[in-house]
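Residue numbers (the working numbering), protein chains in the order written: chain A, 6 to 111; chain B, 6 to 111. By construction, the Cβ of each residue, glycine as well, lies at the ideal position given by its N, Cα and C atoms. All figures in this text were calculated on a predicted structure; none of them were measured in a lab.
Protein chains: 2
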Amino acid sequence: MTPILKSFAALSDETRLMIVDQLITEGELPAGDLAPGAGISAPAISRHLKVLREAGLVTQRADGTRRLYSARPEGLRMIAEWTQSRRTFWEGSLKRLEAALMEDGA
Amino acid sequence: MTPILKSFAALSDETRLMIVDQLITEGELPAGDLAPGAGISAPAISRHLKVLREAGLVTQRADGTRRLYSARPEGLRMIAEWTQSRRTFWEGSLKRLEAALMEDGA
DNA sequence: CCTTTATTTAACATTTCATTTAATTAACAT
DNA sequence: ATGTTAATTAAATGAAATGTTAAATAAAGG
Numbered sequence: 006m007t008p009i010l011k012s013f014a015a016l017s018d019e020t021r022l023m024i025v026d027q028l029i030t031e032g033e034l035p036a037g038d039l040a041p042g043a044g045i046s047a048p049a050i051s052r053h054l055k056v057l058r059e060a061g062l063v064t065q066r067a068d069g070t071r072r073l074y075s076a077r078p079e080g081l082r083m084i085a086e087w088t089q090s091r092r093t094f095w096e097g098s099l100k101r102l103e104a105a106l107m108e109d110g111a
Numbered sequence: 006m007t008p009i010l011k012s013f014a015a016l017s018d019e020t021r022l023m024i025v026d027q028l029i030t031e032g033e034l035p036a037g038d039l040a041p042g043a044g045i046s047a048p049a050i051s052r053h054l055k056v057l058r059e060a061g062l063v064t065q066r067a068d069g070t071r072r073l074y075s076a077r078p079e080g081l082r083m084i085a086e087w088t089q090s091r092r093t094f095w096e097g098s099l100k101r102l103e104a105a106l107m108e109d110g111a
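Structure below.
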């Protein structure tokens, strides 16, 4: 599975999107602080965090028995770059198409 | 289901990502031309195209018995904007954090 | 009309994914 | 050592997604 695909898959779940949003807005948080907001059990959150970790969208560090999670900006950057590269190409194509039509029309 | 979630979900499948890429690079194509490259049956492609349509990532127009599909730039733009807004916020947070640490340190 | 071509819908089997409860691991405090 | 808290892993279950073949729909052409 290609990295960009993994990123999209990781963010295609509402719970995981909320987790990432929370980590971005509130900063580093222990796993336990993420469960209540999502309204599901701790094991479920733990699994979601694993998916996000494997997609490179969050990082984990230990602090005693707690696991502190943070958003990982490089993960978001990958998505931004993928999207941007496509948009750029697409808009370039449009310009070429326009030019071709102008020639035909003239 | 929120629009951005639908977009991510639509692009979390390898076949659909390939379809979008192909439409972006090659321009408008009939449904039938997308199946061979993906190595799956026409009905399967048709379903993927439906998902992409409902996510606003492609558009369809009729031409006789054929259905011509194109990538839809607004769809990509939504993803770009979502990602960018998070990155911006995140980087802003980093700056504020740095500033706070500097104050403490001084 | 009847046939052909392009695509979609239906029905069904299979796989994958998300969640829950129960069990396990790890750190810490008494 | 023992118990407690935080988190993850395991096992089981139900729901959703994906693919296939067969049937339905729709436009075009003889």
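- Within 10 angstroms of the beta-carbon of Ser90 (chain B) lie fewer than 16 other beta-carbons, which makes it exposed.
- Interface criterion met: the Cβ of Gly32 (chain A) is under 8 Å from a Cβ in chain B.
- At a beta-carbon threshold of 8 Å, the residues of chain B lying near Ile84 (chain A) are Ile84 and Thr88, ordered along the chain.
- Its Cα nearest to that of Glu33 (chain A), the residue A:Ala76 stands out among A:Ala15, A:Ala76 and A:His53.
- Inclusion of Ala60 (chain B) and Ser12 (chain B) in the CB contact set at 8 Å is warranted, their separation being smaller than that value.
- Contact with chain A is absent for Pro8 (chain B), since none of that chain's Cβ atoms lies less than 8 Å from the residue's Cβ.
- With three or more CB-CB distances shorter than 8 Å, the segment 19–33 of chain B counts as touching the segment 61–74 of chain B.
- When the beta-carbon positions are compared, Trp87 (chain A) and Ile9 (chain A) come within less than 8 Å of each other.
- Where Ala60 (chain B) is concerned, there is no enclosing beta strand (DSSP E), because DSSP gives it neither an H nor an E.
- Within chain B, the residues Thr7, Ile9, Leu10 and Phe13 have their CB atoms less than 9 Å from the CB of Leu22 (chain A), given in chain order.
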